[in-house]
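Protein chains in written order, with my numbering: chain A, 1 to 114; chain B, 1001 to 1114.
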């Protein structure tokens, strides 16, 4: 079974703090994704990585950055957390060059910024 | 850029009722289509997908969806819902040229009353 794990299920941070969200997958997937999930807005893509050290901006990259130093690990960084970044963050992974392939999701990290 | 529209934000049904959740997308080329489901407290997971062949696809737990290319639609159906189908359902589209990136709809919350 594919396993995508996220470092924390719940996180509470203060405005202005630097926040790291970690994601690890064990299926040797090339693609990895970070989404945020908000009620009524569905899933919105923040960043996408198709290989180590490669990344593309998604639909809402402002205020976020990412790092992919190893194939299995994809980190989302909030340089200076703000209250409007309070949300559920989902990581996913899939094989590259196969658009019909399923994305496998982690359990999510619920981040609250005070 | 492609977009995905899910017509119903919240659907409430009694057990044994039939279900149809609407999904329309805007993209003129070849697409791959997905329905994902998120049961309460669980990971987002694949329900079914279409990428080629028979436009009527069957998924887990008795769900099916029909791809109608002329209508840009991929509606999800189940003839008789159960209380355990209570969940949030997301439609997603991934153009063949999009290297694995999917666009998700806003989601439909289904509540099945016992």
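Ideal Cβ placement from N, Cα and C applies to all residues, glycine included. Predicted, not measured: the structure shown is a model, and the values here were computed from it.
Contacts that residue i makes with chain B (C-beta to C-beta distance below 9 Å)
i	result
residue 40 (chain A)	1009, 1106 and 1107
Integer-rounded CB distance, given that residue j should sit under 8 Å from residue i
i	j	result
residue 6 (chain A)	residue 102 (chain A)	Contact flag wrong, Cβ pair sits at about 18 Å.
residue 36 (chain A)	residue 88 (chain A)	7 Å
Bounding residues of the beta strand (DSSP E) (the contiguous stretch that carries residue i)
i	result
residue 77 (chain A)	73 to 78
residue 1111 (chain B)	1108 to 1113
residue 1005 (chain B)	1003 to 1006
residue 1014 (chain B)	1010 to 1014
residue 84 (chain A)	Careful: residue 84 (chain A) lies outside any beta strand (DSSP E) and carries neither H nor E.
residue 96 (chain A)	Segment: none, residue 96 (chain A) is in no beta strand (DSSP E) and carries neither H nor E.
residue 38 (chain A)	31 to 38
residue 1101 (chain B)	From DSSP, residue 1101 (chain B) is part of no beta strand (DSSP E); its letter is neither H nor E.
residue 47 (chain A)	42 to 51
residue 111 (chain A)	109 to 113
Under 7 Å by beta carbon: chain B residues contacting residue i
i	result
residue 94 (chain A)	1100
residue 90 (chain A)	1044
residue 45 (chain A)	1101
residue 103 (chain A)	1102
residue 107 (chain A)	1043
Cross-strand partners of residue i (DSSP beta bridge)
i	result
residue 1065 (chain B)	B:1057 and B:1076
residue 1035 (chain B)	B:1048 and B:1091
residue 6 (chain A)	A:23
residue 64 (chain A)	A:78
residue 69 (chain A)	In DSSP, residue 69 (chain A) forms no bridge with anything.
residue 1026 (chain B)	B:1003
residue 56 (chain A)	A:48
residue 12 (chain A)	A:112
Listed by chain order, chain A residues near residue i by CB distance under 7 Å
i	result
residue 1090 (chain B)	42 and 43
Chain B residues whose Cβ lies nearer than 8 Å to that of residue i
i	result
residue 74 (chain A)	Residues of chain B passing the Cβ test: none, with the nearest at roughly 13 Å.
Neighbour list for residue i in chain A, Cβ cutoff strictly below 8 Å
i	result
residue 1049 (chain B)	100 and 102
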